[in-house]
Amino acid sequence: MKIFCGRANPTTGSMEWLEEGEDYDYHQEIARSRYADMLHDKDRNVKYYQGIRAAVSRVKERGEKAIVLDIGTGTGLLSMMAASAGADFCYAIEVFKPMANAAVKIVEKNGFSDKIKVINKHSTEVTVGPDGDMQCRANILVTELFDTELIGEGALPTYEHAHKYLVQEGCEAVPHRATVYVQLVESRRMWSWKKLFPVHVEAEDGEKILVPPLEMENCPGVPSVCDIQLNQMPSSDFSTLSDVVTMFSVDFSKPVQSASTYYRVQLEPLKSGKAQIVLSWWDIDMDPSGMINCTMAPYWVKPTSALQWRDHWMQCVYFLPREEPVLQGEKLYLTACRDEYSVWYNLQKAREGENKADEEEHKADVLVESPVCRCRAHLLWNRPRLGELNDQHRTRQYLQSLRKVLKTDSICLCISDGSLLPVLAHYLGAKQVQYFVLFFRSLHFSLFFKANHLEDKIKIIEARPELLKPSHLEDKKISVLVGEPFFTTSLLPWHNLYFWYARTAVSTHLASNVTVLPQSASLHMMIVEFQDLWRIRSPCGTCEGFDIQTLDDMIKDSLNFRESKEAEPHPLWEYPCKSLSDPQEVLTFDFTKAVPQHCLSTEGSVKILRKGKSHGAVLWMEYCLAADISVSTGLVQLSDEKGNCEWNPHCKQAVYFFSSVIESEILSDPTVVTYAINFDTKTGEIAMDFKL
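If you read the sequence shown in this note's numbering, its first letter stands for residue 3, the second for the next number, and so on.
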């Protein structure tokens, strides 16, 4: 059966209807899954196996049969661990049908079909009894239901239901408990992901300051957690204001409550500063004694222990509702509020001479409702985008370029989402600034323009570029067309070429001598060896002695369905790699002219210059703003002879993983990678092929 899927093309801006097979969603989910990453997580797997063996032993020592319930079994790995540890029977629950089918095959291949029953249901739909899915309640509960925030995948309601209906009272649980830790920090870099800082513009008539609206200053932001690879955040980018403290624990062997609640701890700052950020992570004890522990603690907390790389569990960055100046040694209360799926934080100062009764009064002040963005700017600008807008060096490059192209009589049109360029253009003396805002986005900017008294200086046009009429522009021709370009619909670097399509759509409104900024864009490429990111695409073969080749084959089939021929977006500042080749410009796009009718194609080869494993190619865009001024969305610099790379921290780069990895050892006879890249101007899609 075929189904029609509607999608907005991020590059051309057009609405498309595509015919897809009914398995398309499954293939996409499997191809982009993190199963391989979890199965490569040696620390996780070893600790789970140790915890399961210990739990089975404790049950057997009591003279009971070991009946295991494994919720979210995936490949069936944890159930097979339990069966090989001596469990009498395992019920393995998996709601995702293709994965449940794979688990049945994997269990059978490893010889455990008589000990493990795979149930393709949500755990809340599982029945217990003679005619049920489970013959009896289990006395060992094994799960891996956690995300970076611990509870974001619904662990609490799942545990709550399991204790009520699926497991015996006093059951063993693996993991036995989870503990959430926090640390209060000051960080301009991380705070720049929540706030818009004032922008200083040196204009001919003196300095102008662009200020964020008051509504944004007082807004708590969006409630979703910011999860990142905190181990890639240099210590110079933050200052710790408190010790690491335990925020709360959950004992999974006892009934769990998922209802909204809060936890509070007392803190005394180690030094004075601005409390802005709460960093958080968790660990899990696989046994009651806490001897088998798996931790997500970042590098500065356990500097002596080897860090296990993992992408399925990272660390959390939480933004306090507002910046709080704190003094060394003063008494503070940090409150963590949570609902079923998320956590958020508040910081309060203790009042002078406060006693127990006052503390109780403090508790009544706790805001248990989840924070919601009221200014709407956080809905327009995500966290990396705010970081980009707050990047002073980048802003200076745009200011420098605008100074070169603007005249006092310039009629300026800006095409970009949530851009500060129209304001910068106005401050630098453009006579008239028109600003395209697509669909719902004008409200955010009306607030922004109002805060800077620009309502009558910059006109917002709510129309698609192809629907622009002379009356929108007061029958004037555009002399300067500007864009960053940035669009919220872009996932891959070249999706922002929508600017080129918009420029083509408004061609009739442009003066014959129009200046376009940026003048052009170019696609760049480099062959790299990843330190760890390769694991998300690497086959597992066996895991802790169990054959899971079936999963490798399933992922490969789904990748071959489409994804293996596509690049995927990754923020490479979080995923270190080293360059094995020089960066190479492969395609250019001339914004001074309309999009051509014919495809843009290139073929070539790139030499491998350094020893290493060629995991894939990284691609990014660079924009030539004006003569000698360009901005890169990818490589910022090759920092040393070893090929270590520094990437733009505000953008995701495109990664094309090679289907096979070649290790280059002898450089006297260098390996060559040939490539063919084709930009289809009708669909706006880039097809690429690499041969090692």
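Where is the CB? At the ideal position from N, CA and C, for every residue including glycine. Because the structure is a prediction, the values reported are computed rather than measured.
Just the C-alpha distance for residue i and residue j, rounded to the nearest angstrom, thanks.
i, j, result
"ASP313", "ASP39", "7 Å"
"VAL61", "ILE108", "26 Å"
"GLU605", "MET316", "39 Å"
"SER583", "MET527", "9 Å"
"ARG190", "VAL203", "20 Å"
"GLN394", "CYS653", "16 Å"
"TRP502", "ASN47", "49 Å"
"TRP284", "PHE148", "10 Å"
"PHE441", "PHE692", "Because PHE441 carries a pLDDT of 38, less than 50, the predicted location of this residue cannot be relied on, and no value is offered for it."
"VAL341", "GLY156", "One point to set straight first is that residue 341 is Asp, not Val, in the sequence displayed. Between ASP341 and GLY156, the C-alpha separation is close to 10 Å."
"ARG353", "PHE451", "39 Å"
"THR544", "LEU232", "30 Å"
"LYS406", "ALA628", "8 Å"
"VAL425", "CYS377", "19 Å"
"LYS726", "GLU66", "Residue 726 cannot be examined here, being either before or after the span of the chain that is shown, 3 to 694."
"ARG387", "LYS197", "11 Å"
"ALA299", "MET235", "13 Å"
"PHE681", "LEU694", "22 Å"
"LEU637", "GLU531", "15 Å"
So, at 6 Å on beta carbons, what are the nonlocal neighbours of residue i in its own chain, with the 5 sequence-adjacent residues on each side left out?
i, result
"PRO651", "TRP575"
"PRO83", "Contrary to the premise, residue 83 reads as Met rather than Pro in this sequence. For MET83, where only same-chain residues beyond five positions count, the Cβ hits under 6 Å are TYR51, ILE54."
"MET136", "TYR93, VAL130"
"THR297", "ASP285"
On the criterion of 16 or more Cβ atoms from any shown chain inside 10 Å, does residue i qualify as buried, or is it exposed?
i, result
"CYS416", "buried"
"THR145", "buried"
"GLY131", "exposed"
"THR75", "buried"
"GLY645", "buried"
"TYR301", "exposed"
"LEU143", "buried"
"VAL608", "buried"
"VAL374", "exposed"
"MET211", "Correcting the residue type first, residue 211 is Ile in the shown sequence and not Met. By the neighbour-count rule (16 or more Cβ atoms within 10 Å), ILE211 is not buried but exposed."
"VAL674", "exposed"
"CYS601", "exposed"
"ALA1", "Since the first and last residues shown for the chain are 3 and 694, residue 1 lies out of range."
"GLN330", "exposed"
"ASP287", "buried"
"GLU643", "exposed"
"LYS49", "buried"
"HIS497", "buried"
Would you check if the distance between the CB atom of residue i and the CB atom of residue j is smaller than 8 Å?
i, j, result
"THR337", "TYR264", "yes"
"THR150", "VAL267", "no"
"ILE631", "GLN310", "no"
"SER522", "CYS626", "yes"
"VAL319", "LEU281", "yes"
"ALA102", "GLU96", "yes"
"VAL169", "ASN141", "yes"
"ILE529", "SER616", "yes"
"LEU430", "LEU449", "no"
"SER492", "HIS42", "no"
"TRP622", "PRO495", "yes"
"GLY78", "ALA56", "no"
"SER666", "LYS613", "yes"
Considering only heavy atoms of the ligand ATP, does any lie closer than 7 Å to the CB of residue i?
i, result
"VAL516", "Looking at this structure, you won't find the ligand ATP or any other ligand, since it has none at all."
Leaving out five residues on either side along the sequence, give the residues of the same chain with a beta carbon under 8 Å from the beta carbon of residue i.
i, result
"SER241", "VAL187, GLU188, SER189, LYS273, GLY275"
"SER344", "GLU151, ILE153, GLY154, PRO225, SER226, VAL227, SER372"
"HIS511", "LEU415, LEU470, PRO472, LEU475, LYS479, ILE480"
"PRO200", "ILE211, LEU212, VAL213, PRO214"
"ARG385", "TRP195, LYS196, CYS228"
Can you name, in chain order, every residue of its own chain whose Cβ lies under 7 Å from the Cβ of residue i, other than the five neighbours on each side?
i, result
"THR126", "HIS163"
"LEU303", "Reading the sequence as shown, one finds Val at residue 303 and not Leu. So the qualifying residues of the chain are VAL246."
"VAL657", "ALA569, GLU570, HIS572, GLY618, VAL620"
"SER244", "GLN185, LEU186, LEU269, PRO271, LEU272"
"ARG139", "VAL130, LEU168, VAL169, GLN170"
Measuring only between beta-carbons, confirm whether residue i sits less than 8 Å from chain C.
i, result
"VAL657", "The chain labelled as chain C is not found in the depicted structure, where only one protein chain is given."
### Query
Does the pairing of the region 207 to 224 with the region 280 to 292 give three or more beta-carbon distances under 8 Å?
no
### Segment contact flag, the region 246 to 256 with the region 174 to 190, C-beta cutoff 8 Å, min 3 pairs
yes
### Query
When the Cβ atoms of the region 594 to 602 are set against those of the region 502 to 520, are three or more pairs found closer than 8 Å?
Yes: the two stretches touch, three or more of their Cβ pairs being nearer than 8 Å.
### Query
Quick check: the region 420 to 429 against the region 482 to 496, are there 3 or more CB pairs under 8 Å?
yes
#### Entry: Any 3 or more C-beta pairs closer than 8 Å across the region 111 to 120 and the region 542 to 558
yes
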